[in-house]
Amino acid sequence: MQKLQDSVFSIVKTTNLSSAVFSFLQPTEDYTDKTPLGGILRDTNYGWLALGPKFCVVDLRSGLKVAARTFGSGVSNNCITVTSVVELPTPLTDNSRQLIISLDNDNVSGMICVLHVNGSQILRCIQTEVVITELAVCDGTPDGPFTAFDNIVVAGTKRGEILIFDLNRASLMQALKDISQGYENLVLNEENPTIIKFLPLKNLNQVEEQRELALENNDHLGVILNEDSLFDGQYIFRNPDGTVRMKAKRDHIRVTSVEYIPQLGSLAVGYNFGAFQLWNLLTLDLEFTSQVNVECLPVTHFGFQEPCDDPRAFCYLWVVFSVIDRFEEEEFPLAVMYSLTYQGKRILSETKCLYQDFSSATIRFQIELSVSEDVKYLLGGKCVSCHTYSISSPLGEEGEDTMLNICQLVWECWGEHSNSAGQYGMLLFDLDQWYKDQMPATYRLESNAFMSVTWCGALGSGCLTLDVRLNPASVVPYSHATRLEEHFYPNSLQYNCICLNTSEANVLGTIGVQRQIINSIDDL
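What follows is the structure, encoded as structure tokens:
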């Protein structure tokens with residue numbers, strides 16, 4: 012296949028983060044790490060940054076700080092660190108946002124806090140006996156024991172447990188009401204946190220009555236999904252049939268990513284030893300365990316995609332293997348796409364279906380997220396973000412697909428020295444174009460019929476990039492009276508991306524290669 016022209020990006024807008032953000036996020040004597048966490052919220056208008064116990068939400072359009080919190084301030088002398096942040100899928104009220112934030116308390120215990128962004132108000136704090144490393148949240152499941160829960164939180168831990176508990180959305184609504192009426196003292200905050208009461212899996216038939224008992228005590232009912240993996244200081248990594256795939260000391264195991272996939276009713280869980288599992292939350296069955304390869308990097312990101320019009324019950328799961336900390340290894344991330352096969356689909360509504368009866372998972376495509384051919388001095392990298400999008404498209408001509416199914420991967424590469432110039436890469440993978448191209452198992456890291464690949468230096472002021480998201484509303488396919496196959500390639504798309512780094516938010520835009528060529532001719 013001929014190498015295609017890469018999309019050319021330009022900076023559409025740069026918004027500097029306000030001085031209040033910089034002064035707030037300064038390292039302290041107790042916490043000298045200068046590497047923050049950060050992310051962009053779903054609507055791409057807001058982002059968050061965290062450094063140690065300090066957490067703030069920023070309006071990416073203005074750079075202004077709209078919420079801030081220093082966790083543990085006046086409450087604890089311990090070293091507290093923000094470890095994970097997720098957004099409540101359905102806000103408690105119109106035009107509001109709530110974030111669920113996990114804290115590491117001195118590397119010994121943890122806490123999960125619900126922050127109401129509008130007003131920087133804590134609505135709930137839940138103490139945990141183990142450090143939480145990763146979070147996921149969903150409104151609920153269509154079937155199974157967790158239908159009794161009022162929003163479901165999944166928490167992966169530093170020792171490999173998978174905790175699932177009832178968020179009790181009604182208690183958050185009550186906290187909002189209490190605060191609005193001046194009764195902040197009634198809120199279960201950091202000084203007076205609640206706890207999770209765990210129900211053994213063998214007693215799940217009692218989930219409704221046990222939930223009522225927990226609510227009476229202002230507690231949250233939960234389970235340990237993989238309780239049979241934890242035995243006498245050991246972690247037992249099992250296959251779906253119950254056989255043992257690997258054993259290790261529990262203090263060597265860490266959950267490095269969790270994602271609930273509503274279309275499957277399943278939870279994807281990634282570990283620091285380079286393997287992952289799929290758990291069905293409707294039946295609580297372990298559906299799939301990947302191979303364990305001692306040379307594998309941790310599983311840090313997942314992404315789910317569905318083909319546009321495949322009548323079979325096929326879907327796809329991206330699994331990204333990457334270092335967690337910068338400059339940790341001289342290795343590049345690996346992105347692997349598995350096809351997941353099911354026996355059928357159940358229609359839940361006009362826009363929702365549920366894949367049923369898992370059959371198999373098979374590697375269909377993989378690609379190393381490395382560097383451009385002309386760069387030789389970069390030795391390793393890490394994945395910055397993996398996001399998937401299903402975007403309505405106006406292509407619909409004579410049965411043409413009317414959805415774009417895109418996976419966006421962004422990664423950072425570095426050299427031998429931490430101060431040497433690095434490089435960022437971005438890949439846009441179009442699932443339906445990959446189908447049309449006969450589903451190759453791998454490909455060179457360059458633009459082609461189903462991938463658009465772009466490299467650039469630092470994405471803003473030489474600062475660390477924290478997250479990158481495509482703005483779905485900005486996506487415009489190329490349209491012309493003469494429809495050529497090339498017009499459907501990812502590098503023909505016009506779109507904007509929002510990039511958050513430690514000093515600014517950038518909007519990067521491309522108009523697609525056809526429009527670029529037309530504009531260059533017009534400029535002659």
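One rule links them: number in our numbering = place in the sequence shown (from 1) + 11.
Don't be surprised by glycine CBs; every beta carbon is placed ideally from N, CA and C.
- In its chain, beyond the 5 residues on either side, Val141, Ile235, Asn237, Leu241 have a beta carbon closer than 7 Å to the beta carbon of Glu172.
- Under the three-state reduction of DSSP output, Gln444 falls in the helix class.
- For Leu226, the secondary structure class from DSSP, reduced to helix, strand or coil, is helix.
- Collapsing the DSSP output to three states places His263 in a helix.
- Beta bridge pairing from DSSP links Gln316 with Tyr327.
- Ile91 and Phe82 have their alpha carbons spaced roughly 7 Å apart.
- Shown here for Asn27: same chain residues with a beta carbon closer than 6 Å to its own, the five before and five after excluded, namely Gly74, Glu515 in chain order.
- Within its own chain, the residues whose Cβ lies closer than 8 Å to the Cβ of Ser87, once the five positions on either side in sequence are excluded, are Asn116, Glu201, listed in chain order.
- According to the DSSP secondary-structure assignment, Glu515 is paired through a beta bridge with Asn27.
- For Ala181, the enclosing alpha helix (DSSP H) begins and ends at 180-191.
- Under DSSP, Asp70 forms a beta bridge with Tyr57.
- When DSSP states are grouped into helix, strand and coil, Phe376 belongs to the strand group.
- The stretch 204-224 and the stretch 95-106 do not touch, with fewer than 3 CB-CB distances between them shorter than 8 Å.
- Measuring C-alpha to C-alpha distances from Tyr271 to each of Ser404, Ala147, Leu511, Asn106 identifies Ala147 as the nearest.
- Using a Cβ-Cβ distance cut-off of 8 Å, the stretch 415-424 and the stretch 391-400 are in contact, since at least three pairs of beta carbons, one from each stretch, lie closer than that value.
- Distance from the CA atom of Val305 to the CA atom of Arg265, rounded to whole angstroms, is 15 Å.
- DSSP places Thr139 in the uninterrupted beta strand (DSSP E) bounded by 132-139.
- DSSP, read as helix, strand or coil, puts Asp105 in coil.
- Take Ser120, set aside five residues on each side of it, and the residues of its chain with a beta-carbon closer than 8 Å to its own are Gln138, Thr139, Glu140, Val141, Val142, in chain order.
- When beta bridges are read from the DSSP output, Glu98 appears opposite Leu110.
- Close CB contacts of Asp154 within its chain, under the 6 Å cut and outside five residues either way in sequence, are with Leu293 (chain order).
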